[in-house]
Every structure is written in structure tokens, then in C-alpha cells.
Amino acid sequence: MIRGSTELVAIVGSPIAQVKSPENFNTWFANHGHDLAMLPIDLQAMALGTFTDTLRGWHNLRGCVVTVPYKQALASQLDGLSERAAALGSVNVIRRQGDGRLLGDNVDGAGFLGAAQQHGFQAAGNSALVVGCGGVGSAIAYALAEAGLAQITLSDPSVARVGALGEVLGNRFPELEIATRYSSLEDFDLVVNASPVGMGNSTELPLPAALLETLRPTTLVADVVTSPEVTPLLEKARERGCPIQTGAQMAFAQLGHLGAFMGVTPLEI
Ligand code: NAD
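With the sequence shown counted from 1, adding 1295 to any position gets you our numbering.
Have a look at this one:
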């Protein structure tokens, strides 16, 4: 029940009907007896500028989760960014301070890492292949590097995206070994698909089937795609005996990070 006294958080994107955060947060708020609620906002791009001004003046709003396609555009309109959000040029969560200032962070990578740790994966000293160097792939790569990854291989049909991410990582993590070529998967401790390949009813794989035959059965194979839960890539990895991590597990592991940044949940929920 939303009352006059209810404090709000929001999630903004377009489209918005597919997001799971409102039911996840509202269930948690209700189960814990908090007078808080999350609203989904499907916003047109032309309203972004006035939206950020409205957030600054919205007294009973604690924060806002940001999803596609506004993660980059909103990052440039806030009053302060975490180091990782500034480096990535994108935010997926905003906190409204008591004085109306808007601070942004990007916890996509922290969510991914949290889920991977639950599968027993430790980044420190290990190597990873990140397939897809867009918004989410960049956030994952940054979080892995921050956690002490020794070697990262980046793959994306966009040479510009690989170059841009390589530069961000190289500047911030000079000790990280960065590669863009590979002919086998056997040396990787983690292989992650951070591209949309495999979404919906597609049977497409983000890596050639022959290459997947080189996977070690100890390699953690992860996907960011949430629907289907087990993507064609994860099916193949499971057949090879590899541990797998789904996009839904990554999304779930992010909830505490999003809620804690907005000040409405503890980090562990
Ligand atoms: P984006 O458009 O910023 O990046 C996608 C990247 O994938 C692009 O750089 C593109 O060139 C690349 N790509 C496309 N085909 C490829 C291929 N065959 N091999 C390698 N790279 C390829 O998108 P994004 O915001 O990074 O989102 C990517 C996916 O992550 C979406 O499907 C989104 O729904 C999902 N996502 C999941 C979570 C989660 O918590 N599980 C969170 C956010 C986004």
C-alpha cells in the first residue's frame, strides 16, 4: 500500500515493463515492514533534462535505479559520481541527498562479482574472457580488475569499444595484462558473455561451438542475458561440466548494492 507517508525509490528506462526490480524491492519492503515503495518510470528521452531537475526537487524520493537506454546519458547530468561510474561514464543507480544533490554509481560489476563469488570464483590472480564490451561488459571488466584479476581478454565486433575499454582499464589498472586475441578457452578461469547474444528464442552462441569444446570443466561460464535463464551458451558449458552463472543470479546479487546505495536496504539482502 502506498500512503501519503510512503518514501519512494524509482527505476527509470524505456521500455520498463520487463524489469524485475519493482517486484523484488516492493516484496522486500513489504516483508520487512518498511513504508517504502519502488515506482517504474518509462521515460521518453526528450524528458531526461527535466527529469533530473525533478529528482533534485522530489523531497520524498530516496533514489532511482537506471536502466537501458539512460545509463550513459544520466551519468553526465548528475552532481557527483563514484570513481567507477566516472571511469565507465555510466550509472545504474542514483542517490538523492537530503540537499537535493544527485550522486551516481554503477553496481553492475559488483553484482556480477558477488554472484561469481557465490560460485567460488575469485578474481585475484586469475584470467577472464569478456565477450561484449558495451555498458555491462565494461562494468564487469572494471569490477574484475578492481578485485585483482591478473589477465583479461576483451572481445567485441566493435573495435572502437574494445579500444575504449582497454584504455580505461590500462589507465586505472596498469598491472592488469590486457589481450584482444585468443584461439582457445582453456587458459581462462572465467568466460562471460556480456553481449545480448542468446536472448529470447535465439539459438545463437556468442562464441563458435568449436571453441567451446576447448573449455576446461573448472572454468566458470557466466551470461548476463536474463531470458532465457539458461542461454544456449550456458547449455553448452553445462554439457562440458563447467559451473554456470545465469543473468538472473547477477541481477539478484545486485539488489543489495542498489538498495544500499539509495539508503533503503542493507548491502546483504
Ligand atoms: P550494450 O549495447 O551497451 O553492449 C552490448 C555489446 O555487445 C556491444 O558492444 C556489442 O557490439 C556487443 N556484441 C554484440 N554481438 C556480439 C557478439 N557476437 N560477440 C561479442 N560482442 C557482441 O548493452 P549492455 O547495456 O551492455 O547490455 C548487454 C546485455 O546485458 C543485455 O542483454 C542486457 O539485457 C543485459 N543486462 C543484464 C544485467 C543483469 O543483471 N543480468 C544487467 C544489465 C544488462
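Built from N, CA and C at the ideal position, the CB exists for glycine as well.
Starting from the C-beta of residue i, find all residues in its chain whose C-beta is less than 6 Å away, skip the five residues before and the five after it, and write them out in chain order.
{"i": "residue 1531", "result": "1507"}
{"i": "residue 1349", "result": "none"}
{"i": "residue 1517", "result": "1487 and 1540"}
{"i": "residue 1373", "result": "1397 and 1399"}
{"i": "residue 1472", "result": "1446"}
Where do the ends of the beta strand (DSSP E) carrying residue i lie?
{"i": "residue 1398", "result": "1397 to 1400"}
{"i": "residue 1336", "result": "1331 to 1337"}
{"i": "residue 1422", "result": "1422 to 1426"}
{"i": "residue 1303", "result": "1302 to 1308"}
{"i": "residue 1562", "result": "Here residue 1562 belongs to no beta strand (DSSP E), and DSSP marks it neither H nor E."}
Considering only the alpha carbon of each residue, which of the options lies closest to residue i?
{"i": "residue 1552", "options": "1390, 1470 and 1396", "result": "1390"}
{"i": "residue 1451", "options": "1335, 1297, 1424 and 1471", "result": "1424"}
{"i": "residue 1303", "options": "1356, 1338 and 1345", "result": "1356"}
{"i": "residue 1554", "options": "1474, 1446 and 1388", "result": "1388"}
{"i": "residue 1332", "options": "1522, 1298, 1544 and 1465", "result": "1298"}
{"i": "residue 1378", "options": "1372, 1361, 1371 and 1400", "result": "1400"}
{"i": "residue 1522", "options": "1546, 1534 and 1510", "result": "1546"}
{"i": "residue 1496", "options": "1413, 1312, 1351 and 1526", "result": "1526"}
{"i": "residue 1474", "options": "1307, 1449 and 1415", "result": "1449"}
{"i": "residue 1544", "options": "1369, 1393, 1360 and 1412", "result": "1412"}
{"i": "residue 1307", "options": "1346, 1336 and 1369", "result": "1336"}
{"i": "residue 1479", "options": "1498, 1341 and 1511", "result": "1511"}
{"i": "residue 1519", "options": "1328, 1341, 1326 and 1431", "result": "1431"}
For the alpha helix (DSSP H) containing residue i, list its first residue and its last residue.
{"i": "residue 1297", "result": "Run containing residue 1297: none; DSSP gives neither H nor E here."}
{"i": "residue 1554", "result": "1542 to 1557"}
{"i": "residue 1440", "result": "1430 to 1441"}
{"i": "residue 1408", "result": "1403 to 1413"}
Considering only residues of the same chain and omitting the five flanking positions on each side of residue i, which have a CB-CB separation below 8 Å?
{"i": "residue 1501", "result": "1426, 1427, 1488, 1490, 1492, 1493 and 1528"}
{"i": "residue 1564", "result": "1323, 1550, 1551 and 1554"}
Measure from the C-beta of residue i to each C-beta in chain B and report whether the shortest distance is under 7 Å.
{"i": "residue 1465", "result": "Among the protein chains of the structure shown there is no chain B, as only one such chain exists."}
Return the Cβ separation of residue i and residue j in integer angstroms, given the expectation that the two are a contact with Cβ distance under 8 Å.
{"i": "residue 1407", "j": "residue 1435", "result": "5 Å"}
{"i": "residue 1386", "j": "residue 1370", "result": "5 Å"}
{"i": "residue 1367", "j": "residue 1384", "result": "6 Å"}
{"i": "residue 1456", "j": "residue 1429", "result": "6 Å"}
{"i": "residue 1442", "j": "residue 1418", "result": "4 Å"}
Whose C-beta lies closer than 7 Å to the C-beta of residue i among residues of the same chain, with five residues either side of it excluded?
{"i": "residue 1483", "result": "1422, 1423, 1424 and 1514"}
{"i": "residue 1315", "result": "1546"}
In chain order, what are the residue ranges of uninterrupted beta strand (DSSP E) at least 3 long that sit wholly in the segment 1492 to 1528?
Runs of the beta strand (DSSP E) lying entirely within the segment 1492 to 1528, each at least 3 residues long, are 1515 to 1518 in chain order.
With a floor of 4 residues, list each alpha helix (DSSP H) that falls wholly inside the segment 1327 to 1387, ordered by position along the chain.
Taken in chain order, the whole alpha helix (DSSP H) runs of length 4 or more contained in the segment 1327 to 1387 are 1343 to 1352, 1366 to 1370 and 1378 to 1383.
Counting only runs that start and end within the segment 1444 to 1483, where is the alpha helix (DSSP H) found for 4 or more residues in a row?
Whole alpha helix (DSSP H) segments, 4+ residues: 1454 to 1467.
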